[in-house]
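What follows is a set of notes on a single structure, which appears directly below.
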Amino acid sequence: MNDNSKTRALMRRGIEFLGSEYAILCGAMSWVSERNLVAAISNGGGFGVIACGAMTPELLDTEVAETMKLTDRPFGVNLITMHPDLFDLIGICEKHGVSHVVLAGGIPPKGSVEAIKAFGAKVIVFAPTLALAKKLLRSGGDALVIEGMEAGGHIGPVSTSVLAQEFLPDLAADHLVFVAGGIGRGEAIAGYLEMGAVGVQLGTRFACATESIAHPNFKKAFFRANARDAVASVQVDARLPVIPVRALKNKGTEAFTGKQREVAGSLDREEIAMAEAQLQIEHYWAGALRRAVIDGDVENGSLMAGQSVGMVREEEPAAQIIATLVEQCEDALVRR
Ligand SMILES: Cc1cc2nc3c(=O)[nH]c(=O)nc-3n(C[C@H](O)[C@H](O)[C@H](O)COP(=O)(O)O)c2cc1C
């Protein structure tokens, strides 16, 4: 019988760290990664992560409690570092004894890592450069996710394959590194594990799982799309640095250009400061994503998706997606 022993052996440190069957995280996806998908991922052998996004502490409180009713396996909570109530959200995680907190969207503000570790949770961080990764791991980060520009949602400028070659040789021996961005099949997982990653994170591949509450129109758009349809947004005004977002091309892609012009205009007229301008852009994305995921408006909403979208062809239960990924990974390792 195939016990996936090669995959498990290479994932051993990631599995011990997460407490899951396999070191496969479903990265937090705003509006998508709520109780149903998160519990299905963790119950299916992976590691689910609740996307807090712009939720209030009260909403997160409910979401964590409801997720715990659906699974007794470990899962994480992803908090956006620029959330104005970040420390209250950390307090909610403490109240529920959440085991893993992912800090996304920027350098963690002073005291946040310490506040999470104080109640015994593990902290997972993102870093766009090797120097920052080392700094975050020195100052309390327990594990690192490196995410390439193939990914869906907010992205950096460098591809996953290059990040993996830059970060893993330096960090893999002493640190826990998960690789994300553009992973659609298990053969790719095998490759990153062999390079020293302890696990992987996928988003796009899980967004249309049977248990995902994403609107049927959203899922249909994913099933139809090819890699080349998942494009990065462009910055139209040099004065307003916006983090690029990868999403399926639609009318909403053009509307974002208009939104940037509007916000840049407010900046010019000194009606708002830069921090407020960037927050307005982020609110815009949160609203646009909601429109597509929840309301099913796939014309005007944001269909955030990574380049692996071409490998998403039908609805499948989360457990089946995980089983397929592990089988492909194991087969690849056995063939070596
Ligand atoms: C629809 C969608 C929404 C996302 N929202 C978030 C988010 O709120 N916070 C976050 O840290 N990452 C977010 N991501 C990124 C995922 O957590 C994950 O890292 C990424 O999807 C991995 O790359 P892949 O899409 O190529 O699998 C999102 C991705 C998608 C596709």
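Quick note on numbering: our numbering labels position 107 of the sequence shown as 176, and the sequence is numbered without any gaps.
Glycine included, each C-beta is placed from N, C-alpha and C at the ideal position.
1) How about the stretch 393-404 and the stretch 255-266: do they share at least three Cβ pairs that are nearer than 8 Å?
2) How do the stretch 91-104 and the stretch 114-131 stand: do at least 3 beta-carbon pairs fall below 8 Å, yes or no?
3) Using only the alpha-carbon positions, how far apart do G327 and V305 sit?
4) State the Cα-Cα distance for the pair Q234 and E339, rounded to the nearest angstrom.
5) What does a CB cutoff of less than 7 Å around D157 pick up in its chain, not counting 5 residues either side in sequence?
6) Can you determine whether any heavy atom of ligand 1 sits closer than 7 Å to the C-beta of A276, and answer yes or no?
7) In the DSSP assignment, what are the bridge partners of A249?
8) So what does DSSP say about K179, is it helix, strand or coil?
9) Among L394, T76 and L148, which has the Cα closest to the Cα of G113?
10) Tell whether a beta-carbon distance below 8 Å holds between T150 and A184.
11) Does the Cβ of H352 have 16 or more other Cβ atoms within 10 Å, making it buried, or fewer, making it exposed?
12) Please classify G334 as buried or exposed, where buried requires at least 16 neighbouring CB atoms within 10 angstroms.
13) With respect to the alpha helix (DSSP H) encompassing N105, which residues constitute its N-terminal and C-terminal limits?
14) Is C162 helix, strand or coil by DSSP?
15) Using only the alpha-carbon positions, how far apart do A346 and A196 sit?
16) Between which two residues does the beta strand (DSSP E) carrying C95 extend?
17) Is DSSP giving K311 helix, strand or coil here?
From the atom records:
1) yes
2) yes
3) Here residue 327 refers to the residue found at position 258 of the sequence shown. Here residue 305 refers to the residue found at position 236 of the sequence shown. When rounded, the distance between both Cα atoms is 9 Å.
4) Numbered from its first residue, the sequence shown carries residue 234 at position 165. Numbered from its first residue, the sequence shown carries residue 339 at position 270. A straight-line Cα-Cα distance of about 43 Å links Q234 and E339.
5) Looking up residue 157 in the sequence shown gives position 88. Cβ neighbours of D157 beyond the five flanking positions: P126.
6) In the sequence shown, the residue the question calls residue 276 occupies position 207. A276: yes, Cβ under 7 Å from ligand 1.
7) As a working note, residue 249 is residue 180 in the sequence shown. E216 and Q270, per the DSSP bridge assignment.
8) Within the sequence shown, residue 179 is the residue found at index 110, counting from 1. Three-state result, K179: coil.
9) Taking the first residue of the sequence shown as 1, we reach residue 113 at position 44. Sorting L394, T76 and L148 by C-alpha distance to the C-alpha of G113 places L394 at the top.
10) Along the sequence shown, read from residue 1 onward, the residue named residue 150 stands at position 81. Along the sequence shown, read from residue 1 onward, the residue named residue 184 stands at position 115. Not in contact: T150 and A184 (Cβ atoms no closer than 8 Å).
11) Numbered from its first residue, the sequence shown carries residue 352 at position 283. So H352 ends up on the exposed side.
12) Working through the sequence shown from its first residue, we reach residue 334 at position 265. G334 should be labelled exposed.
13) Residue 105 sits at position 36 when you count from the first residue of the sequence shown. Counting along the chain, the alpha helix (DSSP H) containing N105 begins and ends at R104 to N112.
14) Translated into the one-based positions of the sequence shown, residue 162 becomes position 93. C162 falls in the helix class under three-state DSSP.
15) Your numbering for residue 346 matches position 277 in the sequence shown. Your numbering for residue 196 matches position 127 in the sequence shown. Cα to Cα, A346 sits roughly 23 Å from A196.
16) Along the sequence shown, read from residue 1 onward, the residue named residue 95 stands at position 26. Bounds of the beta strand (DSSP E) holding C95 are I93 to C95.
17) One-based indexing of the sequence shown puts residue 311 at position 242. At residue 311 the sequence reads Val, which differs from the Lys that was named. Looking at V311 - three-state DSSP - the assignment turns out to be coil, as it is neither helix nor strand.
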